[in-house]
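Encoded as structure tokens, the structure appears first; notes follow it.
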Amino acid sequence: MKISEIGIGTYALSGVYGAKDLEEFKRTIYRAHELGVNFFDTAEAYGNAEQILGEILKPFREEVYIATKVGVRGNIKPDLSRDYIRKACEESHRRLQTDYIDLYQVHFHDPATPIEETVEALEELVEEGKIRYYGVGHLPIDVTEEYCRLGKPFSVLAEFSAAARESYEKLLPLYKKYNLGIIAFSTTGRGLLTGKFKENQKFEPGDIRYLDPLFQRERFQHGLRIARKFAELGEKYGKTPVQVAIAWVLAHEGVICALTGPSTVEHLEENVEASEWEIPKEDLRELEEFFKREDEWLRQKQKESIKQILIRPLPEPQKAFVDLIYVIETALSLGIIAEKEILPVFYELYGLRKELDKEGVGEKLKDIQARLRRVISLDAL
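For the sequence shown, the UniProt record's numbering gives the first residue as 1, with consecutive numbering after it.
Written as structure tokens, this is what we have:
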């Protein structure tokens with residue numbers, strides 16, 4: 001597949017950032033097609049996003065590539081069994097109004113299903129012409145490599161922006177070994193690198209950024225400093241911070257597409273222009289030095305935050321929930337804890353998200369805090 005460097009993601013259609021103007025979204029997709037964007041990414045888990053996207057793309061279906069994801073719909077625990085994958089693929093066909101999917105991607109890891117079974121199911125769908133290629137995403141690095149060893153994934157989805165560089169660094173060796181295309185998402189840090197956010201930014205509980213670790217504590221401060229750096233570089237070359245952020249991602253080896261989520265035609269056009277410009281090498285080198293200094297500061301501050309959250313009394317439930325999510329995500333990104341050790345605690349914690357105003361939830365959060373103290377070594381902090 002010859003996919004465009006700029007792709008369109010549809011996560012926002014699930015309502016995570018608030019209501020979406022569907023007419024403007026339709027105009028944006030049509031304009032993207034006119035500009036040569038041919039890669040559109042969605043998922044069965046994104047509410048009615050597949051249905052909306054399928055209806056819009058129907059007039060020029062054969063001219064574009066549709067990617068969707070399988071494994072989690074209406075449940076936070078993934079299911080990648082053969083039976084589920086086959087059933088889910090048929091349902092995605094129906095919602096997308098197509099009889100084939102260009103790229104069918106594993107959304108999250110399912111520890112209960114052998115990887116061999118999942119790969120066999122995906123290979124069967126390829127043989128039957130129901131999907132053209134398959135890919136993986138949101139998986140631990142060892143699980144990603146196992147998919148590469150057992151099957152032939154076309155690509156891997158990776159969160160990759162200047163504010164979240166960990167995934168790319170881990171995946172680069174796999175790209176080189178297995179010729180695995182990297183499809184980057186959240187390339188502007190879910191808007192953090194646009195320069196639109198301020199130090200005291202507040203998000204409503206209905207906005208996913210309310211609990212997103214990228215927008216908490218030192219991670220947020222770190223992102224704001226990168227945004228200012230990109231604004232300075234953009235001013236130098238007559239580019240916007242968004243264009244600098246996307247061009248920076250595309251400058252990396254192995255990245256075949258930068259997924260974006262434009263909310264208007266104007267935003268789309270700004271994003272597409274980023275693929276027509278390359279950041280000069282001397283500026284890329286200067287940015288790497290800047291990131292090294294930032295990373296050293298960030299690691300130290302993150303360890304301090306984890307320790308404080310785990311040893312101090314928890315605040316009110318809503319804030320405590322956000323803090324404990326931050327502990328889990330940050331401990332994983334720092335390599336302090338393995339995903340298989342922390343996943344059961346994460347599932348239990350995330351299952352409380354709709355009970356935070358109920359009596360007794362404070363005690364449940366304290367219990368999770370205590371469990372985290374047992375699995376995360378405070379000595380490592």
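C-beta atoms are modelled at their ideal positions from N, C-alpha and C, and glycine is treated no differently.
No experiment lies behind these values; they were computed from the predicted model shown.
Counted within 10 angstroms of its Cβ, other Cβ atoms place residue i as buried (16 or more) or exposed
{"i": "TRP248", "result": "buried"}
{"i": "SER4", "result": "buried"}
{"i": "residue 384", "result": "It is not possible to answer for residue 384, since the shown part of the chain is limited to 1 through 381."}
{"i": "ALA380", "result": "exposed"}
{"i": "PRO280", "result": "exposed"}
{"i": "LYS130", "result": "buried"}
{"i": "PHE60", "result": "exposed"}
{"i": "ALA45", "result": "buried"}
{"i": "GLU282", "result": "exposed"}
{"i": "GLY360", "result": "exposed"}
{"i": "ASN179", "result": "exposed"}
{"i": "PRO153", "result": "buried"}
{"i": "PRO173", "result": "exposed"}
{"i": "GLU329", "result": "buried"}
{"i": "TYR133", "result": "buried"}
{"i": "ALA12", "result": "buried"}
{"i": "ALA338", "result": "exposed"}
{"i": "ASN271", "result": "buried"}
{"i": "ALA112", "result": "exposed"}
{"i": "GLN243", "result": "buried"}
{"i": "ILE311", "result": "exposed"}
{"i": "TYR347", "result": "exposed"}
{"i": "GLY135", "result": "buried"}
{"i": "ARG293", "result": "exposed"}
Span separating the alpha-carbon of residue i from that of residue j
{"i": "SER305", "j": "PHE185", "result": "27 angstroms"}
{"i": "PHE215", "j": "ARG371", "result": "25 angstroms"}
{"i": "THR10", "j": "PRO262", "result": "9 angstroms"}
{"i": "LYS301", "j": "ARG217", "result": "9 angstroms"}
{"i": "ASP102", "j": "PHE160", "result": "23 angstroms"}
{"i": "PRO241", "j": "GLU269", "result": "14 angstroms"}
{"i": "THR188", "j": "ALA162", "result": "8 angstroms"}
{"i": "SER377", "j": "ILE368", "result": "15 angstroms"}
{"i": "ILE208", "j": "VAL322", "result": "11 angstroms"}
{"i": "ALA88", "j": "GLY71", "result": "8 angstroms"}
{"i": "ASN38", "j": "HIS222", "result": "33 angstroms"}
{"i": "ARG353", "j": "LYS366", "result": "15 angstroms"}
{"i": "LEU250", "j": "ILE226", "result": "17 angstroms"}
{"i": "ASP295", "j": "ARG149", "result": "32 angstroms"}
{"i": "LYS319", "j": "LYS202", "result": "13 angstroms"}
{"i": "HIS267", "j": "GLY191", "result": "12 angstroms"}
{"i": "PRO313", "j": "GLU363", "result": "11 angstroms"}
{"i": "LYS58", "j": "TRP297", "result": "49 angstroms"}
{"i": "THR118", "j": "GLU146", "result": "11 angstroms"}
{"i": "GLU289", "j": "HIS33", "result": "38 angstroms"}
Inter-residue CB distance, residue i and residue j (contact presumed, cutoff 8 angstroms)
{"i": "GLY7", "j": "ALA258", "result": "7 angstroms"}
{"i": "ILE182", "j": "ALA164", "result": "Going by Cβ atoms, the distance from ILE182 to ALA164 rounds to 14 angstroms, so no, they are not a contact pair."}
{"i": "LYS229", "j": "TRP277", "result": "Not a contact, Cβ separation roughly 17 angstroms."}
{"i": "GLY254", "j": "TYR175", "result": "4 angstroms"}
{"i": "TYR350", "j": "PRO213", "result": "So it is not a contact: roughly 13 angstroms between Cβ atoms."}
{"i": "ASP41", "j": "PRO78", "result": "That belief does not hold up - the Cβ atoms of ASP41 and PRO78 are roughly 18 angstroms apart, past 8 angstroms."}
{"i": "LYS20", "j": "ALA43", "result": "Contact doesn't hold; Cβ gap of about 15 angstroms is too wide."}
{"i": "LEU284", "j": "PRO317", "result": "Their Cβ separation, rounded to whole angstroms, is 44 angstroms, which puts LEU284 and PRO317 out of contact at 8 angstroms."}
{"i": "LEU332", "j": "ILE342", "result": "6 angstroms"}
{"i": "residue 387", "j": "ILE309", "result": "The displayed coordinates of the chain run from 1 to 381. Any statement about residue 387 would go beyond what the structure contains."}
Residue i, enclosing beta strand (DSSP E) - first and last residue
{"i": "ASP99", "result": "Per DSSP, ASP99 belongs to no beta strand (DSSP E) and is neither H nor E."}
{"i": "THR68", "result": "65 to 70"}
{"i": "ALA32", "result": "Careful: ALA32 lies outside any beta strand (DSSP E), inside the alpha helix (DSSP H) at 22 to 34."}
{"i": "PHE197", "result": "Premise fails: PHE197 is in no beta strand (DSSP E) and is neither H nor E."}
{"i": "LEU13", "result": "Here LEU13 belongs to no beta strand (DSSP E), and DSSP marks it neither H nor E."}
{"i": "ALA258", "result": "255 to 260"}
{"i": "GLY54", "result": "Where GLY54 is concerned, there is no enclosing beta strand (DSSP E), although the alpha helix (DSSP H) it sits in stretches over 49 to 57."}
{"i": "PHE185", "result": "181 to 185"}
{"i": "ASP41", "result": "39 to 41"}
Limits of the alpha helix (DSSP H) - the one that residue i falls within
{"i": "SER155", "result": "Unbroken run through SER155 is the beta strand (DSSP E), 155 to 159; no alpha helix (DSSP H)."}
{"i": "ALA274", "result": "265 to 274"}
{"i": "TYR237", "result": "217 to 237"}
{"i": "ARG132", "result": "Where ARG132 is concerned, there is no enclosing alpha helix (DSSP H), although the beta strand (DSSP E) it sits in stretches over 131 to 137."}
{"i": "ASP142", "result": "141 to 150"}
{"i": "ASP323", "result": "317 to 333"}
{"i": "ASP283", "result": "281 to 311"}
{"i": "TYR168", "result": "166 to 178"}
{"i": "ASP367", "result": "361 to 375"}
{"i": "LEU250", "result": "241 to 250"}
{"i": "ALA121", "result": "115 to 127"}
{"i": "PRO111", "result": "Neither: PRO111 is in no alpha helix (DSSP H) and is coded neither H nor E."}
{"i": "PHE60", "result": "Note, PHE60: premise wrong, no alpha helix (DSSP H); not H, not E."}
{"i": "PHE346", "result": "339 to 350"}
Between the segment 19 to 38 and the segment 118 to 134, can you find at least three pairs of beta-carbon atoms closer than 8 angstroms? no
Under 8 angstroms: do the segment 133 to 140 and the segment 98 to 116 share three or more Cβ pairs, one atom per stretch? yes
Mind the definition here: the segment 38 to 55 touches the segment 84 to 100 only if three or more C-beta pairs lie below 8 angstroms; say whether that holds. yes
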